[in-house]
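Visitor:
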Amino acid sequence: MQEPIGAALAALAESVGVTGEGLRLLIGVIGMALLATSFAKSSEAYANRLAAAGWVMLGLFIYLLSEYYVKIGDPVLILMTAAALPGGALLAYFEAARHDSLTSETRQSLVWFRGMVAWSMIPYHVVYSIPYLNIAFVMLTAHSAEWMLEFAGLGTYTMGEVMVDLHGGGEVPLSEWEGSMWLLTQPLGDGGFFIPMYHSTGEEVNIGFILSCSGLQSMIIFVGAIVALQTVSWNRRMRGLLISVPTIHILNTFRNAGIVWLTDTYRTWEFMGLSMFDFAHSYAAKGASLFAMFLMAIALFDLLPELHRNILRLLPKQLRGSLESDASNTA
Numbered sequence: 050m051q052e053p054i055g056a057a058l059a060a061l062a063e064s065v066g067v068t069g070e071g072l073r074l075l076i077g078v079i080g081m082a083l084l085a086t087s088f089a090k091s092s093e094a095y096a097n098r099l100a101a102a103g104w105v106m107l108g109l110f111i112y113l114l115s116e117y118y119v120k121i122g123d124p125v126l127i128l129m130t131a132a133a134l135p136g137g138a139l140l141a142y143f144e145a146a147r148h149d150s151l152t153s154e155t156r157q158s159l160v161w162f163r164g165m166v167a168w169s170m171i172p173y174h175v176v177y178s179i180p181y182l183n184i185a186f187v188m189l190t191a192h193s194a195e196w197m198l199e200f201a202g203l204g205t206y207t208m209g210e211v212m213v214d215l216h217g218g219g220e221v222p223l224s225e226w227e228g229s230m231w232l233l234t235q236p237l238g239d240g241g242f243f244i245p246m247y248h249s250t251g252e253e254v255n256i257g258f259i260l261s262c263s264g265l266q267s268m269i270i271f272v273g274a275i276v277a278l279q280t281v282s283w284n285r286r287m288r289g290l291l292i293s294v295p296t297i298h299i300l301n302t303f304r305n306a307g308i309v310w311l312t313d314t315y316r317t318w319e320f321m322g323l324s325m326f327d328f329a330h331s332y333a334a335k336g337a338s339l340f341a342m343f344l345m346a347i348a349l350f351d352l353l354p355e356l357h358r359n360i361l362r363l364l365p366k367q368l369r370g371s372l373e374s375d376a377s378n379t380a
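Under this note's numbering, the letters of the sequence shown match residues 50 to 380, in that order.
Spelled out as structure tokens, the structure:
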């Protein structure tokens with residue numbers, strides 16, 4: 050049974066003659082545009098109202114993904130996507146109803162957060178929507194994991210041909226796909242563009258690499274957070290990007306190689322209905338990734354204390370404690 054919000058939007062999409070995914074993407078594009086505009090025009094009186102509408106639309110855009118993660122049984126992403134809509138509504142409330150009661154520092158941090166979210170989501174969806182870029186990231190991810198496994202002496206592997214998961218079911222080689230390579234104008238299946246992995250003997254590993262395996266989501270969060278620091282010189286921002294982006298790629302390569310090795314080595318392992326791939330991908334790797342991002346953020350706070358202050362100002366007062374005064378003293 051479909052949840053009520055998703056069902057209502059599906060009915061709306063059908064009534065106007067578009068797919069549900071097409072309507073979701075339209076909602077997301079409008080939300081991103083509103084947030085980006087409110088960030089660029091933050092000094093204008095209407096900016097907070099644009100931002101309020103943008104937060105709601107982006108919250109809905111992300112929330113609608115939760116049904117897919119329920120289907121594949123990914124508890125971490127179920128929680129994160131389901132929280133997006135109430136989170137977006139709360140931010141919209143502060144933008145529209147409580148904006149004048151916020152301190153100037155908190156308003157500045159809210160503007161930074163608009164820019165962080167907008168300039169995280171826009172580049173990711175540009176990459177997703179341009180097949181050439183999408184496939185380039187998939188290929189880099191797949192071959193990096195292959196190189197890591199072979200370098201560590203954990204087996205010899207080879208990557209297959211780029212495949213396309215079709216929206217109506219089935220898959221075809223990229224060479225037989227009839228879509229545009231410059232702009233994705235037709236929906237794809239859950240796998241999108243993917244590369245299957247094989248042993249050097251030709252035996253299939255039963256693991257494929259897709260854009261979500263690239264760590265691009267994690268990289269782009271840090272890109273958005275750093276680029277949105279308008280008061281920080283580009284020299285310092287570039288140093289932050291050069292520290293965070295390559296490090297995330299390397300850590301993600303270790304993550305992917307570990308998932309492949311565990312899945313391939315312990316093929317028959319099962320615990321409470323979870324296969325080794327499900328456990329490694331949905332639990333162990335997700336937990337390790339979130340912990341690594343936390344450590345990365347702490348490391349960046351030394352280089353970019355403005356990032357630390359912006360995050361603190363967005364927390365409820367009871368959670369800030371003495372950290373807020375310490376951050377203010379370093380200004």
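Where a beta carbon is used, it is the ideal one built from N, C-alpha and C, also for glycine.
Could you check where the alpha helix (DSSP H) with Glu195 kicks off and where it finishes?
Guide: That run of the alpha helix (DSSP H) goes Pro180 to Phe200.
Visitor: In terms of alpha-carbon separation, which member of Pro222, Val67 and Leu198 lies closest to Gly209?
Guide: Per the Cα distances, Pro222.
Visitor: Roughly how many angstroms separate the alpha carbons of Thr155 and Thr314, rounded to a whole number?
Guide: Those two C-alpha atoms are separated by around 51 Å.
Visitor: Does Tyr315 come out as helix, strand or coil in the three-state DSSP assignment?
Guide: Tyr315 falls in the coil class under three-state DSSP.
Visitor: Thinking just about the alpha-carbon of each residue, which of Val213, Leu311, Gly219 and Gly240 is nearest to the one in Ser229?
Guide: Nearest of Val213, Leu311, Gly219 and Gly240 to Ser229, Cα basis: Val213.
Visitor: Quick check on DSSP: helix, strand or coil for Pro295?
Guide: Residue state, collapsed to three classes: helix.
Visitor: Compute the Euclidean distance between the alpha carbons of Trp310 and Leu203, then round it to the nearest angstrom.
Guide: Distance between the alpha carbons of Trp310 and Leu203 is about 7 Å.
Visitor: By Cβ distance, which residues of its chain are closer than 7 Å to Ile171, with the 5 residues on each side in sequence left out?
Guide: Here the set comprises Met81 and Ala85.
Visitor: Can you tell which of Leu83, Ile308 and Arg286 has the C-alpha that lies nearest to the C-alpha of Leu356?
Guide: With distances taken between Cα atoms, Leu356 lies closest to Arg286.
Visitor: Mind checking Asp351: buried by the 16 CB within 10 Å criterion, or exposed?
Guide: By the 10 Å Cβ count, Asp351 comes out exposed.
Visitor: Return helix, strand or coil for Glu259, following the three-state DSSP convention.
Guide: Rather than Glu, the amino acid found at residue 259 in this sequence is Ile. Three-state result, Ile259: coil.
Visitor: For His192 and chain C, any beta-carbon pair shorter than 9 Å?
Guide: The chain inventory of the structure shown lacks chain C, comprising one protein chain alone.
Visitor: In three-state DSSP terms, what is Glu144?
Guide: Here Glu144 sits in helix by DSSP.
Visitor: Mind checking which residues open and close the alpha helix (DSSP H) that includes Tyr118?
Guide: Unbroken alpha helix (DSSP H) run through Tyr118: Ser115 to Ile121.
Visitor: Going by beta carbon distance, what residues of the same chain come within less than 8 Å of Leu372, once the five residues before and after it are set aside?
Guide: Any reading at Leu372 must be qualified, since the residue scores a pLDDT of 49, below 50, and its modelled position is unreliable; the value itself is stated next. Taken in chain order, the residues that qualify are Leu361.
Visitor: Could you tell me which of Tyr112, Trp161, Lys90 and Ser193 sits nearest to Phe303, measuring between CA atoms?
Guide: Per the Cα distances, Ser193.
Visitor: What do you get for Leu268, buried or exposed, if any count of 16 or more other CB atoms within 10 angstroms of its CB means buried?
Guide: According to the sequence shown, residue 268 is Met rather than Leu. When all chains shown are included, Met268 counts as buried.
Visitor: Whole angstroms is fine: what's the gap from Met106's alpha carbon to Cys262's?
Guide: Cα-Cα distance, rounded: 26 Å.
Visitor: Can you give me the Cβ contacts of Asn378 inside the same chain, cut-off strictly under 6 Å, excluding the 5 residues immediately before and after it?
Guide: Interpretation of Asn378 is limited by its pLDDT of 47, a score under 50 that renders its predicted location unreliable; no figure is taken from the coordinates.
Visitor: Over what stretch of residues does the alpha helix (DSSP H) that includes Thr86 continue unbroken?
Guide: Gly69 to Ala89 is the extent of the alpha helix (DSSP H) around Thr86.
Visitor: Is His357 helix, strand or coil by DSSP?
Guide: Helix, per DSSP.
Visitor: Terminal residues of the continuous alpha helix (DSSP H) containing Leu383?
Guide: The question about residue 383 has no answer here: the residues shown for the chain are numbered 50 through 380.
Visitor: Can you have a look at Pro135 and say buried or exposed, based on whether 16 or more other CB atoms are within 10 angstroms of its CB?
Guide: By the 10 Å Cβ count, Pro135 comes out exposed.
Visitor: On the three-state DSSP scale, how would you describe Leu344?
Guide: Helix at Leu344.
Visitor: Residues bridged to Val221 by DSSP?
Guide: DSSP output for Val221 lists Val213 as bridge partner(s).
Visitor: Can you confirm whether the region 117–135 touches the region 85–99 when touching is taken to mean that 3 or more C-beta pairs between the two stretches lie within less than 8 Å?
Guide: No, they do not touch.
Visitor: Under the assumption that Arg147 contacts Phe110 (Cβ atoms under 8 Å), give the Cβ distance between them as a whole number of angstroms.
Guide: About 23 Å; that fails the 8 Å criterion.
Visitor: Please name the residue in Gly108, Thr130, Ser64 and Phe340 whose C-alpha comes closest to that of Glu116.
Guide: Of the listed residues, the one whose Cα sits closest to Glu116 is Thr130.
Visitor: Gly241 by DSSP, collapsed to three states: which one?
Guide: Residue state, collapsed to three classes: strand.
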